[in-house]
Every structure is written in C-alpha cells, then in structure tokens.
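J.: Read in order, the letters of the sequence shown correspond to residues 2 to 465 in my numbering.
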Amino acid sequence: MDKKKHQLIVIGAGPGGYVAAIRAAQLGMEVAVVDENKVLGGTCLRVGCIPSKALLESSEKYEEVKDHISVHGINVKDVELDLKGMLKRKDKIVGSLTKGIESLFKKNKITKYYGRAKLTAGKTISVESGGVKTEELEADHIIIATGSKSATIKGVDLDVDCVDTSTETLDYQEVPEHLAVIGGGYIGIELGSVWRRLGAKVTVVEYLDRILPGMDSEVAKEAHKLLEKQGISFELRSRVMGVKNEGKKVIIERRNGDPVEADRVLVAVGRAPNTANLGLVDAGIRCDERGWIVVDEDYKTSVEGVYAIGDVIPGPMLAHKAEEEGVACVEKIVTGYGHVNYKAIPAVVYTHPEIATVGKTEDELKDEAIEYRKGKFPFMANGRAKAIEYAEGFVKVLAHAKTDRVLGVHIIGPHAGDLIAECAAAMEFGASSEDIARTCHAHPTLSEAVKEAAMAAEDRAIHM
Ligand code: NAI
Numbered sequence: 002m003d004k005k006k007h008q009l010i011v012i013g014a015g016p017g018g019y020v021a022a023i024r025a026a027q028l029g030m031e032v033a034v035v036d037e038n039k040v041l042g043g044t045c046l047r048v049g050c051i052p053s054k055a056l057l058e059s060s061e062k063y064e065e066v067k068d069h070i071s072v073h074g075i076n077v078k079d080v081e082l083d084l085k086g087m088l089k090r091k092d093k094i095v096g097s098l099t100k101g102i103e104s105l106f107k108k109n110k111i112t113k114y115y116g117r118a119k120l121t122a123g124k125t126i127s128v129e130s131g132g133v134k135t136e137e138l139e140a141d142h143i144i145i146a147t148g149s150k151s152a153t154i155k156g157v158d159l160d161v162d163c164v165d166t167s168t169e170t171l172d173y174q175e176v177p178e179h180l181a182v183i184g185g186g187y188i189g190i191e192l193g194s195v196w197r198r199l200g201a202k203v204t205v206v207e208y209l210d211r212i213l214p215g216m217d218s219e220v221a222k223e224a225h226k227l228l229e230k231q232g233i234s235f236e237l238r239s240r241v242m243g244v245k246n247e248g249k250k251v252i253i254e255r256r257n258g259d260p261v262e263a264d265r266v267l268v269a270v271g272r273a274p275n276t277a278n279l280g281l282v283d284a285g286i287r288c289d290e291r292g293w294i295v296v297d298e299d300y301k302t303s304v305e306g307v308y309a310i311g312d313v314i315p316g317p318m319l320a321h322k323a324e325e326e327g328v329a330c331v332e333k334i335v336t337g338y339g340h341v342n343y344k345a346i347p348a349v350v351y352t353h354p355e356i357a358t359v360g361k362t363e364d365e366l367k368d369e370a371i372e373y374r375k376g377k378f379p380f381m382a383n384g385r386a387k388a389i390e391y392a393e394g395f396v397k398v399l400a401h402a403k404t405d406r407v408l409g410v411h412i413i414g415p416h417a418g419d420l421i422a423e424c425a426a427a428m429e430f431g432a433s434s435e436d437i438a439r440t441c442h443a444h445p446t447l448s449e450a451v452k453e454a455a456m457a458a459e460d461r462a463i464h465m
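#1: Return the bridge partner residues of Pro274 from the DSSP annotation.
#2: Return yes when the C-beta of Leu319 is under 7 Å from any heavy atom of the ligand NAI, and no when it is not.
#3: Mapping DSSP to helix, strand and coil, what is His142?
#4: Compute the minimum distance between the beta carbon of Arg47 and the heavy atoms of the ligand NAI, and state whether it is under 7 Å.
#5: For the beta strand (DSSP E) that contains Ala263, what are its first and last residues?
#6: Would you check whether the ligand NAI has a heavy atom nearer than 7 Å to the C-beta of Leu348?
#7: Which same chain residues end up closer than 7 Å to Leu159 when comparing Cβ atoms and leaving out the 5 residues on each side of it in sequence?
#8: Helix, strand or coil: how does DSSP classify Ile286 here?
#9: Buried or exposed: which applies to Glu81, given that a residue is buried once 16 or more other Cβ atoms fall within 10 Å of its Cβ?
#10: DSSP on Ser194, reduced to helix/strand/coil?
#11: Are there any heavy atoms of the ligand NAI lying less than 7 Å away from the beta-carbon of Gly186, as far as the coordinates show?
#12: Ignoring anything shorter than 3 residues or poking outside the segment 331-407, list the beta strand (DSSP E) runs there in chain order.
#13: Please confirm whether Trp196 and Leu213 have their CB atoms less than 8 Å apart.
#14: Quick check on DSSP: helix, strand or coil for Gln231?
#15: Given 7 Å as the limit, tell me if Ser194 has its C-beta closer than that to any heavy atom belonging to the ligand NAI.
#16: Would the segment 409-418 count as touching the segment 339-359 if we require 3 or more Cβ pairs under 8 Å?
#17: Using the Cβ count rule (16 or more neighbours within 10 Å means buried), how would you classify Ile310?
#18: Would you kindly check if the distance between the Cβ of Pro445 and the Cβ of Ala388 is under 8 Å?
#19: Keeping to the same chain, check which residues put their C-beta closer than 7 Å to that of Tyr187; ignore five residues upstream and five downstream.
#20: Among residues of its own chain, excluding the 5 on either side of Glu393, which ones have a beta-carbon nearer than 7 Å to its beta-carbon?
#21: Using only the heavy atoms of the ligand NAI, determine whether one of them is closer than 7 Å to the beta carbon of Ala269.
#22: For the pair the segment 422-433 and the segment 252-260, tell me if three or more CB-CB distances fall below 8 Å.
#23: Ala400 to Lys375, Cα distance in whole Å?
#24: Do you know offhand how far Val95's Cα is from Ile51's?
#25: Closer than 7 Å to a non-hydrogen atom of the ligand NAI - does that hold for the CB of Ile111?
#26: Just the Cα atoms here: how many angstroms apart are Lys322 and Gly232?
#27: Which of the three DSSP states is assigned to Lys249 in this structure?
#28: So what does DSSP say about Leu171, is it helix, strand or coil?
#29: Could you tell me whether the Cβ atoms of Arg240 and Asp210 are closer together than 8 Å?
#30: Report whether the distance from the Cβ of Tyr114 to the nearest heavy atom of the ligand NAI is below 7 Å.
#31: Helix or strand or just coil, what does DSSP make of Val34?
#32: Identify every residue that forms a DSSP beta bridge with Glu129.
#33: Residues in the same chain with beta-carbon distance under 6 Å from Arg439, minus the five sequence neighbours each way, listed in chain order, please.
#34: Can you find a heavy atom of the ligand NAI that lies under 7 Å from the Cβ of Ile183?
#35: Tell me whether Ser60, by its Cβ, gets closer than 7 Å to a heavy atom of the ligand NAI.
#36: Taking buried to mean at least 16 other C-beta atoms within 10 Å of its own C-beta, is His7 buried or exposed?
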C-alpha cells in the first residue's frame, strides 16, 4: 500500500479538529482529517452540544406553552407533545450542521479519510475500517483531537438495560416515567431538565453536597433552588455503589440512603479522554496517570511533530476550549505565535435559567486569599427581564479590591450564555469593573444587569 503524504493530518473531526484543519488550510497548509465517524463534527455536533441544545429549546417551548403562556394573556388549550417531531427537528439540525462542515472542508480543500487512525512510529498513521487497513498516511505534523467519551464509575455497568449515557438520552422514543440521573454536573442537569419538562419524574443522585462542582457555589446554590422548584429532586451526599435490573426497573444502590428505583438511568459522572487504541505507547507519546496526553504550552507531545488539543489534554472539556486550542496550535506551527487565555474561558449550562461563568469563582478567591469586591444585581430589578417574564437569578461581578480588575463574572438568569461574552471580552482586555460600569449599555436590555452588577461592585448600582 502506497503511503499518502500530507503536510498536516488531524485525527478527529470534532470542534477541536475541524477548526484546526480549517485554520491550517487558511494559513496555506495542505491538510487531511481522519475520523472514524462518517458524519463530521464529533461528539459536540452529533451527540452533544447541538442536539442537547435543540431538545432544551423545544422542551422549554413545550413547557412554556403548556404551563406559562397564559401570563402573557394568551390562552392555549390542548397542548400536545409530539416527541417524534421534536426528535426529528433535532436530527435535522444536526444533519444540516454536520453537512456544513463537509462543505467547509471542500471549500478549504481538506482531504477526508474515514476510519480509525492509529499512530505508528515516525509520524505515520494507519487507518482501519471494519478491521481492515484502508490507508497508510504520513505527515510533517499530526494533531491528535480525538475528544472524550462518557465515563462511568465502579459498579455502574453501562451494559445494564436502561442504563444510558447522554447519547441514548438524546434519543428516547418515549418519555420515561422516572429518569434517575447519576451526577449533578452539566450533562445531568441539562438532560434532566429536558425530560422533566417533557413529563418525566427526574431524580439527580449526586455524590457531593452540592451540584455543579467547580462553579461558583452561590450560583450553584441558586441553580439547585430553582431546579428543585421546577420539580427536579436532588439526592445529595449520595455515593452510587451499583446499578441492577429488577424486572423492567433499574435499581440504583447507594452507600448512604435507600436504593432509588427508576425506569431509566442516565450516567453523567464526567468524561474520559479518548486515548485508547490510538497507538500512543508504540508511537512514544506520553500520557499522565489520568490518561490525558501530556503537552507543553505549544501543544507539543513527547514526540516531535505530534501535537494534541481539546478533551485529550488537561483542562475544561468544552468545545470552545478545543476550538481555541486548535487555532492556537496551528498558528504556532505556521507563524510561531498563537495564544489561548485560560483565565478567560467561559462556561455555560443551558438550563432555565441559564448559568454562565468566566474567571475565578468567589470560592477560589477566598481559597487563594485574593482581596476582592463583589457587585451583585438581580434580574428582578431589570426592566427587560420583567418584560420577557424571565426575571430569576442574578449577575455577580468580582473585581480585585485594589486594582478593580475584573477577576470573574458569574451569571444565573435569562440568556446568561450570551451575556457572559461581554464579560469574557472585558477580561481579555484587562478591564476594571469601572470600565464595564461606565460603558453605555442599551436600554432596555438584559445586559444592563451586567453593567449594574459592575456598578454594585462600587456600591453605586442605580436600580437597587
Ligand atoms: P461533570 O464533571 O460536570 O459532573 C459530574 C458529576 O458527577 C459531578 O457533580 C460529580 O460529583 C458526580 N459524581 C461523580 N461520581 C459520582 C458517584 N459515584 N455518584 C454520584 N455522583 C457522582 O460531568 P458531566 O455532567 O458528565 O459532563 C462531562 C463534561 O462534558 C463536563 O466536563 C462538561 O464540561 C462537558 N459538558 C459541557 C456542556 C456545556 O458546555 N453546556 C454540556 C454537557 C457537558
């Protein structure tokens, strides 16, 4: 078999890999991408961010029309759920976006290989499909962007009937009567919210004494309160020891507390890097004890010319972090300069209300003994939030006590995921809370809550 040579080969066509490939092509490189899935876009587009957001939107609309629309003076009778239609819409969105990546590849003259890539010595890659070797490739540079997969915990076998990962949970053909979720993180509360809105009883079983670990604890507490008010039950301090089938039910055994009986169980206890069967050991690429590929600040692995980005290296497992790393990695290769500011990576949980965060949490500032000022502003006092009947939550701006530099912003409330962009931009520019406070924000907009929170950091919020 003749070896095909490329300047750059990217393994994995998720947000990290496909973005890296396109940026490299823009910079004049000759690029190929290998993916074991015929549909491009990785977990994010196929079975992650995009389909979950489609269902979050549809389920929110369903619940709004069914239970809350009358407050606007609109009465709707006989609201019916068409789950098949809802799933079809989600699939259509996924289809159009994944096809969009194919056309971007064509536009940028990126070669596509279908199959499973395995690294071999000397920057070569063999591609297999159905156990048969289909290609042998060679490159000057290789970027590993193979992403992550759902993790599980000891005692929880994903082969037990009705014990699912997020992938299956995005495609339930009927609403489960009782969905139990193991893990009160991003996936647990997003997908728990979807199925609760569609009619399931939802119980989240969480090991810690709080949900959303790592997020600002004041925000997580508010999220817990609001999600509970919506009807999700939380079993905190609950260590899951095992799951088993009993008849058609699944029983979750806990170390402390009675077993939880459910119709389906979503396991959402984190994700693990996809580094198995990639030939890393044979190729001499070093991983740490948790399975992440070890890289330096230029994303270089222990093998010259081989790089890694996204969920396979340490850091938050977020699509946009992978994208930034993909761009920075190829810019470093081609131009010698690229940059990701890890202090200003936003994160969003797409519940109702949304939760968004950037920078240090208040808990971190306390732990690190950094002196700070805090400005908090409730959406209840924001005119636009009242007008759209979505006034839960608050914005919290944390600024350095002496320099006033913004250290972190945490939002729970309407369109928090969009509002956080201004805060990330402010942090990128090294803004002070006064910079945000003195920036004119249009009225009436939700963004005024960000301005008012920044003003509150100097005790001069107007509407509070
Ligand atoms: P996560 O790390 O957010 O949450 C996992 C939860 O499981 C934690 O609260 C943990 O304490 C709990 N847990 C662990 N072991 C347990 C046990 N034995 N019993 C009970 N609870 C246990 O992980 P999740 O939700 O699975 O998400 C995976 C990754 O995907 C995250 O890193 C997240 O960044 C990413 N993601 C991002 C989204 C977004 O940006 N909106 C949406 C979905 C996922």
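Note that CB positions come from ideal geometry on N, CA and C, so glycine has one too.
T.: Concretely, from the data shown:
#1: Ser149
#2: yes
#3: strand
#4: no
#5: Val261 to Ala263
#6: Looking at the sequence itself, residue 348 is Ala, so the reference to Leu does not match. Under cutoff, so the answer is yes.
#7: Thr153, Thr166 and Val268
#8: coil
#9: exposed
#10: helix
#11: yes
#12: 348-350, 355-360, 373-379 and 395-401
#13: no
#14: helix
#15: no
#16: yes
#17: buried
#18: yes
#19: Val350
#20: Leu227, Pro354, Phe380 and Gly414
#21: yes
#22: no
#23: 6 Å
#24: 7 Å
#25: no
#26: 32 Å
#27: coil
#28: coil
#29: no
#30: no
#31: strand
#32: Arg117 and Lys134
#33: none
#34: yes
#35: no
#36: buried
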